[in-house]
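Asks: Under full-length UniProt numbering, the first residue of the sequence shown carries the number 1, and numbering increases by one thereafter.
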Amino acid sequence: MTKALKSSGFLGLAVMMAVGLHQSIILSSGGAVPPWMIGGHAHLGVLSILAIVMGFAVPALGVAGTLRTAVTVLFVAGQWGVPLTVWIGEGAGLTFLMPTTLLWGGALIVSMLIMLYHTLTADAGSGGAGAAGVAPADD
């Protein structure tokens, strides 16, 4: 599952960079970049970096089983759901989709709370390899 987080993070960064280039073209041709495009771009960039970080944090903290699956699914859904809803909702005029940002944002929050729960309740020795061990294998 950490492969999904890392892959989603790198894909998100590539998409975010492509959107950034598109914004640059808009600006260089004398146009103004719409605020909804800027907002989606910023959210996708930050959430993609966090997805990569989560891809390393999940095994390092020893998150396994159902919690690992929940963290991955919820985070990836939120990572893409928030910016895509802004782009599609505002950019394509489908504003009825905008309230779903609460769902996607909630998914991100729940994934962080699961990580917090695991961090607070896991035994000190149940984490990953730690600083002195070998890097955990990806799944």
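Ideal Cβ positions, reconstructed from N, Cα and C, are used throughout, including at glycine.
1) Measuring alpha carbon to alpha carbon, tell me which of Gly31, Ser48, Met1, Gly30 ends up nearest Leu11.
2) Can you give me the Cβ contacts of His118 inside the same chain, cut-off strictly under 7 Å, excluding the 5 residues immediately before and after it?
3) Look at the alpha carbon of Leu21 and the alpha carbon of Val15, and state the distance between them as a whole number of angstroms.
4) Span of the alpha helix (DSSP H) holding Val63?
5) Does the structure place the segment 22 to 38 close enough to the segment 86 to 93 that three or more beta carbon pairs sit under 8 Å?
6) Identify which residue in Ala51, Leu27, Thr121 has its Cα closest to the Cα of Ala77.
7) Helix, strand or coil for Ala132, going by three-state DSSP, please let me know.
8) Is the beta carbon of Ala4 sitting closer than 9 Å to the one on Thr100?
9) Would DSSP call Val33 helix, strand or coil?
10) If you drop the 5 nearest sequence neighbours on each side, which residues of the same chain put their C-beta closer than 7 Å to that of Gln79?
11) Do you know how far the Cα of Val110 is from the Cα of Ala131?
12) Measuring only from the beta carbon, is Ala14 closer than 8 Å to any heavy atom that is part of the ligand GDP?
Replies: Once the coordinates are examined:
1) Taking the first residue of the sequence shown as 1, we reach residue 11 at position 11. The shortest Cα separation from Leu11 among Gly31, Ser48, Met1, Gly30 belongs to Ser48.
2) Taking the sequence shown and counting its residues from 1, one reaches residue 118 at position 118. For His118, where only same-chain residues beyond five positions count, the Cβ hits under 7 Å are Leu61, Val63, Leu67.
3) To locate residue 21, count along the sequence shown from 1; it is residue 21. To locate residue 15, count along the sequence shown from 1; it is residue 15. Straight across, the Cα-Cα distance linking Leu21 with Val15 is about 10 Å.
4) As a first step, residue 63 must be located in the sequence shown, where it is residue number 63. Neither: Val63 is in no alpha helix (DSSP H) and is coded neither H nor E.
5) yes
6) Here residue 77 is taken as the residue at index 77 of the sequence shown, counted from 1. For Ala77, the nearest C-alpha among the options comes from Ala51.
7) As a position in the sequence shown, residue 132 is number 132, starting the count at 1. Note that Ala132 scores 46 on pLDDT, short of 50, meaning its location in the model is unreliable; the coordinates nonetheless yield the value given after this. Three-state DSSP puts Ala132 in coil, outside helix and strand.
8) One-based indexing of the sequence shown puts residue 4 at position 4. One-based indexing of the sequence shown puts residue 100 at position 100. Against a cut-off of 9 Å, the Cβ pair of Thr100 and Ala4 comes out as no contact.
9) Locating residue 33 in the sequence shown gives position 33, counting from the first residue. Three-state DSSP puts Val33 in coil, outside helix and strand.
10) Working through the sequence shown from its first residue, we reach residue 79 at position 79. Once the five neighbours on either side are set aside, the close Cβ partners of Gln79 are Ser8, Gly12, Leu47, Ser48, Ala51.
11) On the sequence shown, residue 131 is found 131 positions in, with the first residue counted as 1. On the sequence shown, residue 110 is found 110 positions in, with the first residue counted as 1. Note that Ala131 scores a pLDDT of 49, beneath 50, so its modelled location is shaky and nothing firm can be said.
12) No copy of the ligand GDP occurs in the structure displayed, which carries no ligand at all.
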